[in-house]
Every structure is written in C-alpha cells, then in structure tokens.
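Q: Have a look at this one.
See below:
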C-alpha cells in the first residue's frame, strides 16, 4: 500500500540522517605540567576551545571564527595557575614513588596530514598534522614548505581511551600550485623522524564535499518517496477509472 511504502522510505531517510546529524559531544578539561612548562586547555570533541598561555599570562580563545563561540568562566587563568602548582606537587611525589619503574614507550601508530577546507588556490586554508597512538607525551612536530622550515602551532596532548595520546599541529597557509609541505614527527620511541608529505597538486578535498554528498542522498530519498507516492496513486486512479 501507499502508507507502507511511505513508512519504508521514512526509515531509509532516518537511517541516513542520524549518522550525519549526531548531537552527542564530548568536552574535556586537561591540565598538565613539567618542571619548566605547563598546559591547561578546554576541548570539545577533541578540538581546542580555549587554552592558557602561561608566558603571556592570558586565556586564549582557540575557536575558529566560523563557529558559534562557547564562553569560558571568569577567572579561568587564575584557576589554571592554581592547578599548575598542584600539578608540580603531584609530579614531585610521583617521581619518588615510581623512580624504579621502567618507562614504557610506544611510537605513534598513525600520522596523517590533511587540509581543513577544500583547496582553492590563493585562498587562506589550514593544514593539519594529526599524530595519535603514542606514549609518553608529547611529540615534537615541525613543518616545511618547499624544503624551508615554517612555524605551525601544536595543541596539548589529548589522552586516548587506551592510555596513549593524540596531538594535533596546525599550519595556516595559502596554497599555491606546485607547493610541497611536510610534517615531521619526533618521539623517543621512533628510531628516526617520521615525515608525511602534502602536495597542493595531489591534495584531497576538505569536509565540504562529504557533507554535500550526504545532503544529496537525503534529497534523493525524498524525491524517491514523492515519486513513488504519485506513481502508486496514479495506478489506483487507473484501476478505479477502468472498473
């Protein structure tokens, strides 16, 4: 029947829409320290929202301009400083009780370089070097453009569920035809520097085409539902008219 067909198509449409528009998110607050440095960051779904710059003594908003910004609590920098003091106390204690334990080292299991947005020559974009599956943190990440060193920014190491870490470095750039970029990763567990190459001529599209593809599938299913409804309705009218 028409109702049964429409119900079936609704199920198909919902099965496409649910993965595309999931509303589940994961937020995380991370505080870490060493003898000479410290980190304090709020993240959402693995992306930085804000972080503390202890050299400039400020909280930095790391959210891109094209998203609705999430505010952070007043006094966040003072809270970060207090947590750094507590972290160094804990660090001294842990060194005493674990000094005889061997240090486990795990090299990065995955290093990927990709462009954040679809590449348009001459238009501002961002390269991302995603390093995951290593222990202990951090990794050292460096960038080159056509063999010359360029400066990027790296976020704090984010813990994974298996006890390893993920770290992301970002490099703002303007793609020009023929440019070749590299991301090099150093870690104590790696026998040598691991390097990934990104070529403007061979770059992959950003996330935009994937989203458009998903929306096209939904629109196509809606069109199928409409066409099927009128086709069955027309058949019924023919049967009635002929009887």
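Numbering (our numbering), first residue to last: 4 to 246. We treat Cβ as the ideally placed atom computed from N, Cα and C, and that holds for glycine.
1) Give the DSSP-derived three-state secondary structure of residue 3 in the structure shown.
2) If distances are taken between C-alpha atoms only, which option among 187, 181 and 166 comes closest to residue 174?
3) Is it buried or exposed, residue 113, if we count other Cβ atoms within 10 angstroms and call 16 or more buried?
4) Between which residues of its own chain and residue 51 is the CB-CB distance below 7 angstroms, once the five residues before and five after are set aside?
5) If you check the beta carbons only, do residue 140 and residue 168 fall under 9 angstroms apart?
6) For the beta strand (DSSP E) containing residue 28, list its first residue and its last residue.
7) Select from 124, 109 and 129 the residue whose C-alpha is nearest the C-alpha of residue 118.
8) Who pairs with residue 199 in a beta bridge, going by DSSP?
9) Who are the near neighbours of residue 193 in its chain, counting only those whose CB is closer than 8 angstroms to its CB and skipping five residues on each side?
10) For residue 145, which of helix, strand or coil comes out of DSSP?
11) Counting only the same chain and skipping the five closest in sequence on each side, list residues whose C-beta sits under 6 angstroms from that of residue 86.
12) Any idea what DSSP makes of residue 192, helix, strand or coil?
13) DSSP on residue 89, reduced to helix/strand/coil?
14) Smallest Cα separation from residue 152: which of 62, 184 and 138?
15) In three-state DSSP terms, what is residue 135?
16) Going by DSSP, what residue range makes up the beta strand (DSSP E) through residue 62?
17) With DSSP as the reference, label residue 74 as helix, strand or coil.
A: Looking at the atomic coordinates:
1) Look at the range of the chain in this structure, 4 to 246, and you will see that residue 3 is not part of it.
2) 187
3) exposed
4) 44, 65 and 158
5) yes
6) Run containing residue 28: none; DSSP gives neither H nor E here.
7) 129
8) 186
9) 110 and 111
10) strand
11) 34
12) coil
13) helix
14) 184
15) strand
16) 61-64
17) coil
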